[in-house]
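Here is the structure we will look at.
Residue numbers (my numbering): 22 to 315.
In structure tokens:
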């Protein structure tokens, strides 16, 4: 005899199945592979991306799980590429409550200190931004938008590691891509050791390992690095080649990235780019093509 499933859990199960069916493997960074008979992702693929067990996820889709934690629901929402409204609906179905999300749907902490935001805005000519241990962008200044593009910190540009490994334009712009990318892998491995129970970090790592051969190679050789300073070259579509020093300061759970010119030519080009962008911010149809973060 089939056990009775409460209406809300039945609705949750149907919601998850529908959202899983609409997402293609390629969109989630997974290979399609042969013999795929059903549309969308398999249950085991969603479980892999969300860093949960297949058995638990199957029970969730069957309405046989109690009240999931908020972190695991966030990981599932990210794995299924849910919109902000869908993300909230998932929490409502699973927990009977809706989380407060920013406009791009990410669950960024709301406790970025006002003093740090003032510090970012108080560095008008040099790009600066704040991340968490996952390299999710939490806050940034106008100079960072001038350098990285108006969408920096949201959507596909909400995480600098994902930008670096999954965006072809970012890879082209990074003239020292292998070194910078390997440093990023080392940072994430250190973060994984410090936060072993973070499902969103685990989901990001699973995505990058399955999508980029270089990431998987460097991850498997146990690259570990806590970078704090360095120099890199980027090719900007408007400012040309820029040589930039980067410094990374840790303040509590956050990492403050600053980018400063490494030579006089870059100093002139960066100042011109930032001041031009600032003056044109209110002009219609103004766009700044993105490059990558440090």
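Built from N, CA and C at the ideal position, the CB exists for glycine as well.
In this text the structure is predicted, and so the values were computed from the model without any measurement.
query                                                                                                 : result
Presumed contact (8 Å Cβ cut-off) between residue 50 and residue 231, rounded CB distance             : 6 Å
Status (buried if at least 16 other CB within 10 Å, exposed otherwise) for residue 218                : exposed
Residue interval of the alpha helix (DSSP H) (run including residue 42)                               : 28-43
Sequence ranges, alpha helix (DSSP H) only - wholly within the segment 130-169, length at least 4     : 135-142 and 163-169
N- and C-terminal bounds of the beta strand (DSSP E) containing residue 199                           : Residue 199 -> not in any beta strand (DSSP E); alpha helix (DSSP H) instead, spanning 198-215.
Buried versus exposed, by CB contacts within 10 Å (16 or more), residue 245                           : exposed
Touching by the beta-carbon criterion (3+ pairs, under 8 Å), the segment 55-72 and the segment 84-103 : yes
Residue 51 (DSSP reduced to helix, strand or coil)                                                    : coil
At least 3 beta-carbon pairs within less than 8 Å: the segment 194-201 vs the segment 158-175         : no
Bridge partner(s) assigned by DSSP for residue 282                                                    : 265
Contact the segment 25-45 vs the segment 72-87: 3+ CB pairs below 8 Å                                 : yes
Buried versus exposed, by CB contacts within 10 Å (16 or more), residue 20                            : With the chain represented from 22 up to 315, any question about residue 20 goes unanswered, as that position is not in the structure.
CA nearest to the CA of residue 113, picked from 264, 28 and 285                                      : 28
Nearest candidate by alpha-carbon position, reference residue 278, set 58, 154 and 190                : 154
6 Å Cβ shell around residue 186 - same chain, five flanking residues per side excluded                : 229, 233 and 236
Residue 205 beta carbon less than 7 Å from that of residue 179                                        : no
Opening and closing residue of the beta strand (DSSP E) in which residue 257 lies                     : 250-257
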